[in-house]
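Please read the structure below before turning to the comments.
There are 2 protein chains.
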Amino acid sequence: MTSTFGGIEAGGTKFVCAVGSGPQDLERTTFPTTTPEETIARAIAFFRERAPLRALGIASFGPVDLDPRSETYGYITSTPKAGWANTDISGMVGRALGVQVRLDTDVNAAALAESQWGSARGLDDVVYLTVGTGIGGGALAGGRLVHGLVHPEMGHMRVPRDRYADTYPGVCPYHGDCLEGLASGPAIEQRWGTRAENLPADHLAWRLEARYLAAGVVNLVCTLSPRRVIMGGGVMEQAHLFPLIREEVATALNGYVALPEIGPPALGKDTGVLGAIALAMVG
Amino acid sequence: MTSTFGGIEAGGTKFVCAVGSGPQDLERTTFPTTTPEETIARAIAFFRERAPLRALGIASFGPVDLDPRSETYGYITSTPKAGWANTDISGMVGRALGVQVRLDTDVNAAALAESQWGSARGLDDVVYLTVGTGIGGGALAGGRLVHGLVHPEMGHMRVPRDRYADTYPGVCPYHGDCLEGLASGPAIEQRWGTRAENLPADHLAWRLEARYLAAGVVNLVCTLSPRRVIMGGGVMEQAHLFPLIREEVATALNGYVALPEIGPPALGKDTGVLGAIALAMVG
Chain A
1 MTSTFGGIEA
11 GGTKFVCAVG
21 SGPQDLERTT
31 FPTTTPEETI
41 ARAIAFFRER
51 APLRALGIAS
61 FGPVDLDPRS
71 ETYGYITSTP
81 KAGWANTDIS
91 GMVGRALGVQ
101 VRLDTDVNAA
111 ALAESQWGSA
121 RGLDDVVYLT
131 VGTGIGGGAL
141 AGGRLVHGLV
151 HPEMGHMRVP
161 RDRYADTYPG
171 VCPYHGDCLE
181 GLASGPAIEQ
191 RWGTRAENLP
201 ADHLAWRLEA
211 RYLAAGVVNL
221 VCTLSPRRVI
231 MGGGVMEQAH
241 LFPLIREEVA
251 TALNGYVALP
261 EIGPPALGKD
271 TGVLGAIALA
281 MVG
Chain U
1 MTSTFGGIEA
11 GGTKFVCAVG
21 SGPQDLERTT
31 FPTTTPEETI
41 ARAIAFFRER
51 APLRALGIAS
61 FGPVDLDPRS
71 ETYGYITSTP
81 KAGWANTDIS
91 GMVGRALGVQ
101 VRLDTDVNAA
111 ALAESQWGSA
121 RGLDDVVYLT
131 VGTGIGGGAL
141 AGGRLVHGLV
151 HPEMGHMRVP
161 RDRYADTYPG
171 VCPYHGDCLE
181 GLASGPAIEQ
191 RWGTRAENLP
201 ADHLAWRLEA
211 RYLAAGVVNL
221 VCTLSPRRVI
231 MGGGVMEQAH
241 LFPLIREEVA
251 TALNGYVALP
261 EIGPPALGKD
271 TGVLGAIALA
281 MVG
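For the protein sequence lines, the chains are A and U, in the order given.
When you line the first sequence up against the numbering used here, it's residues 1 to 283, in that order.
When you line the second sequence up against the numbering used here, it's residues 1 to 283, in that order.
Below, the structure is given as structure tokens:
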């Protein structure tokens, strides 16, 4: 039997497909996300040339249906992305390749990859938070990915804010000033009138950003009690945010519970597709 | 082999001990919580008369150490309750009775009991929130109780507030205006100058209370994605809170994700000790 696994990082702007069994033997390709038919056909063609696969994982943008009892299990469901709503990505890929497929959210897969090979190796209780165009989060609790009724949507948590000190109304089209509405990349850009990377490290913007993100981390500590919170995504490339966030989390929790480690992912740009490979491997 | 399980609901003011295998055959006793030595000896005496037990569960006030790799596994740890800090409750009971003991938080055990016999029967993703003297929460994710680095401390989440509309600073000695600080029974009493049960159902207090509790529920939806949120405790005996909370949760989530059911526990005053029995049964 082959020992090669397949993985698809299905993103809103690009697909990354890879075969392998970890960071050491990854063979990958990348192409833009166009229509579901065209994009999924390209993925299938990549894996056909490398068949047989033992199993295949898909780490997808959401929302996705993760309930095995549902009729749309394995689908990308109500996404606003044109053409992609109600796409049976798992079925299309699985039937074409005759392989077992396991789908999960991109952020759940990233949490799994980091716990297998990255900064959370060996930890069973891990949160992966991405802070970029949006804010999303995935989690392992007791070694298992958190699903539930839908799946975590950590970016849409509500956090304290002082509307008088920060009058920016928030960018989330659903909630205005949820965490994503206040602290995503677009929120920083709209609030300050320039992209995040143009703001100097000593700008007031970063203290405010750290405070909002820390409130999100505090709420994750109070609900999931993770051992490590991994923070990735474009905004977190501003590495000076990490000490600010750690300081704000410690101040906010005020010694009440033990603090998790807070740090960046270790797998870099491969976190997503390695997450898909990890999904295939854990079956 | 006997098929009787033992359960201890170890509370800050009283202990409830029971043997049985569910709501149908519960034999119980209740006594006040005094010193650890005296209280635990009374529990041991109750179970000795009913030995042998197949296993014993303890649903305890916290914080407790749930990490099997820890030296203080099974202990009540840093509680402010006089005399009870660093009490090896699991070891004391287990050694005296020669029985396997499983300890968890009272709120995790309550979530488990409700999923076994109560309002969340058959559900794998459940949150149990108690709103009374404090606010605490437990959770089942994918059928397993959430532990992590410590265990959930849902009452200490941060939620949005308008400090200009509600100038009450909050009652939590650690965090001031965390969820417990704003919405526990003592917070209602201090803010309005009278106990919650004295406030009429159309008092402004309840809309504010529902809004804070709904923000907590929203954050639980965004992190754990439960199918049902069970809300118990003294404050939730004001049943008119439920429709207000459901309305506020729906408004806040604004159609972004599917809503969990929100309702009271079905097991009433036995939820705690049945949780302890359930801990023993799932092993």
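We put the beta carbon where it would ideally sit given N, CA and C, even for glycine.
Proximity to A:His151 across A:Ile76, A:Pro80, A:Asp88 peaks at A:Ile76, based on C-alpha coordinates. For A:Val131 against A:Met231, the beta-carbon gap comes to about 6 Å, under 8 Å, which counts as contact.
Counting only residues of its own chain and dropping the five nearest sequence neighbours on each side, A:Thr133 has a CB closer than 6 Å to the CB of Gly185. In the three-state reduction of the DSSP assignment, A:Ala18 falls in the strand class, which pools E and B. Per DSSP, U:Pro32 is one residue of the beta strand (DSSP E) stretching across 27-32. DSSP places A:Cys178 outside both helix and strand once states are collapsed to three, so it counts as coil. Cα atoms of U:Leu244 and U:Arg207: separation of roughly 7 Å, rounded to the nearest angstrom. Proximity to A:Ala276 across A:Val159, A:Ala109, A:Cys222 peaks at A:Ala109, based on C-alpha coordinates. A:Gln190 places its beta carbon less than 9 Å from that of A:Tyr168. DSSP places U:Gly91 in the uninterrupted alpha helix (DSSP H) bounded by 89-97. Residue contact check for A:Asn86 against chain U: no CB pair falls below 9 Å.
In the structure shown, A:Thr223 falls within a helical segment according to DSSP collapsed to helix, strand and coil. Secondary structure of A:Met231 (DSSP, three-state): strand.
Inter-segment contact for the stretch 88-100 of chain U and the stretch 255-266 of chain U is absent: fewer than three beta-carbon pairs are separated by less than 8 Å. Contact between U:Ala214 and U:Val249 holds: their C-beta atoms lie close to 5 Å from each other, under 8 Å. A contact is defined here as three or more CB-CB pairs under 8 Å, and the stretch 121-131 of chain U meets this definition with respect to the stretch 218-234 of chain U.
Only Ala252, Leu253, Asn254, Gly255, Tyr256, Val257, Ala258, Leu259, Pro260 from the stretch 241-268 of chain U bring a Cβ to less than 9 Å from some Cβ of chain A. Contact annotation for A:Asp65 against chain U: no contact, minimum CB-CB distance about 11 Å [criterion: below 8 Å].
U:Asn108 does not reach chain A, its nearest Cβ partner there being about 11 Å away, counting only Cβ pairs nearer than 7 Å.
Chain-ordered, the chain U residues with CB closer than 8 Å to the CB of A:Pro152 read Cys222, Thr223, Leu224, Ser225. A Cβ-Cβ separation of about 14 Å leaves U:Phe5 out of contact with U:Val16 under the 8 Å criterion. Look at A:Thr35 here: in three-state DSSP terms it is coil, with no helix or strand label. In terms of CA proximity to U:Val235, U:Asn198 leads the group U:Ser60, U:Asn198, U:Arg54, U:Leu220. The contact set of A:Met157 on chain U, defined by CB atoms closer than 8 Å, consists of Val218, Asn219, Cys222, Thr223 in chain order. In the DSSP assignment, the residues bridged to U:Tyr128 are U:Gly138, U:Ile230. In this structure A:Arg102 touches A:Gly57 by the C-beta definition: roughly 5 Å separates them, less than 8 Å.
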